Structure formats: C-alpha cells, structure tokens
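J.: Residue numbers (the working numbering): 87 to 157. Quick one: this structure, given as structure tokens, is what I'll be asking you about.
Next up, the structure:
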C-alpha cells in the first residue's frame, strides 16, 4: 500500500480498517497455534489460523484492487 497524505475513499477506508482487524486476528491465531499443547485443540488452532489467513488475504486483495486499481 502506498503511503500518501491524500484521503482515501470511504469504501477503501472501511476495507483498510477491516484489513487491520483481520491482521490482528491472524496474529492472535498464530499465537494460539504456537502455544496450544493439547492434541484436541491443535485441529481447532489450525482451523482458526487458516481461516484468519484467508480472511486477511481476501481483504488485502480487495484493498489492493480498489486502491491501486481504482475500481
């Protein structure tokens, strides 16, 4: 994402906020995965980690498309 002093369109701004939240969720999922020790919780931690990563990547692509692609 380019750093610029110009204001973002409202729809992009909403996506950027969601992207930051998704990044935080992803980091929390990574922490959970690295700390979990019970075998029954490993699958749940993996699922959460993969879901958080996919959510982040989806939002990242949306921001990129709207901000960079102008659309």
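Just so you know, even glycine gets a beta-carbon here, dropped at the ideal spot from N, CA and C. If you're wondering where the values come from, they're calculated on a predicted model, not measured in any experiment.
Distance, Cα to Cα, residue 151 vs residue 98?
T.: Counting from one through the chain shown, the residue named residue 151 turns up at place 65. Counting from one through the chain shown, the residue named residue 98 turns up at place 12. So the alpha carbons of these two residues sit roughly 10 Å apart.
J.: I'd like the span of the alpha helix (DSSP H) that includes residue 101, first residue to last.
T.: As a first step, residue 101 must be located in the chain shown, where it is residue number 15. Here the alpha helix (DSSP H) through residue 101 covers 96-121.
J.: I'd like the span of the alpha helix (DSSP H) that includes residue 148, first residue to last.
T.: Numbered from its first residue, the chain shown carries residue 148 at position 62. Taken as a continuous stretch (DSSP letters only), the alpha helix (DSSP H) holding residue 148 covers 125-154.
J.: Using only CA atoms, which one of 107, 139, 148, 147 lies nearest to residue 116?
T.: Within the chain shown, the letter at position 30 stands for residue 116. Minimum Cα distance to residue 116 is reached at 139.
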